[in-house]
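Following my numbering, the numbering of the sequence shown begins with 8 at its first residue and continues without gaps. Beta carbons are placed, not taken as given, at the ideal position from N, Cα and C, and that holds for glycine.
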Amino acid sequence: MKTNLITREGFDKLNAELNHLWREYRPEITKKVAWAASLGDRSENADYKENKRLLRQIDSRVRFLRKRIEAVKIVEYSPQQDGKIFFGAWVQIENDAGDKKSFRIVGPDEIYGRNDYISIDSPMARALLKKEVDDEAVVKTPTGEQVWYVNSISYQPPKADKKI
C-alpha cells in the first residue's frame, strides 16, 4: 500500500510530466501515427505499429498520473517540524561501523531516479520518524536489526560543496 503523501517538489514534477506527455509528446506521436497510416497497408507498417504502441503507453501513463495527482496530499514544511524527523526531512545517519547515509524522506512517487531519496513507507524511514539528533533508530531488515544514529536533520536541501 502506497502512502498518498508527496512534497511540493514531487507534486510539481508529476504535473510537469503530465503536461509534457499530454501537450507535447502525445500530439507529436499522434502526427506520426497519422502519417504512417496515410501510407496505406498498416499490417506491415513498422512506423505505424511502433507509434501506436507508444501512444498506448503514453495514454496509460497519463491515466495513471491523473488519478495519482488527484489522490496525493501535498505535505508542506512547517517550522514546528524543526529538530525532529518528519516527512520531507533531509537526514544524515551513521552506524557503529562508521557507515554514513544521507537522504530525504519523501513519498513513494518521488524516489525513482534518485539515490538520495527514500520512501516514507520504507523500514528505515519508519524507524527514523520523530527521532532527534543523537537519537538511535533500530531498523528491522531481512538480515536482522540494525542500529543507526541521527547526525543531522534539515528541511533544506544540503548545499553542494563549492570547489574553487
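| Asked | Found |
| --- | --- |
| Hey, how far is the Cα of residue 171 from the Cα of residue 100? | The predicted position of residue 171 is uncertain, since its pLDDT is 47 and thus under 50; no value can be drawn from it. |
| For residue 94, name the three-state secondary structure that DSSP assigns. | coil |
| What three-state label does DSSP hand residue 109 in the structure shown? | strand |
| Taking three-plus beta-carbon pairs below 8 Å as touching, is the segment 107-120 in contact with the segment 11-18? | yes |
| Rounding to the nearest angstrom, what Cα-Cα distance links residue 9 and residue 54 in this structure? | 37 Å |
| Helix, strand or coil: how does DSSP classify residue 151 here? | strand |
| What do you get for residue 179, buried or exposed, if any count of 16 or more other CB atoms within 10 angstroms of its CB means buried? | This structure does not reach residue 179, given that the chain is present from 8 up to 171, and the question cannot be answered. |
| Would you kindly work out how many angstroms separate the C-alpha atoms of residue 84 and residue 97, rounded to a whole number? | 12 Å |
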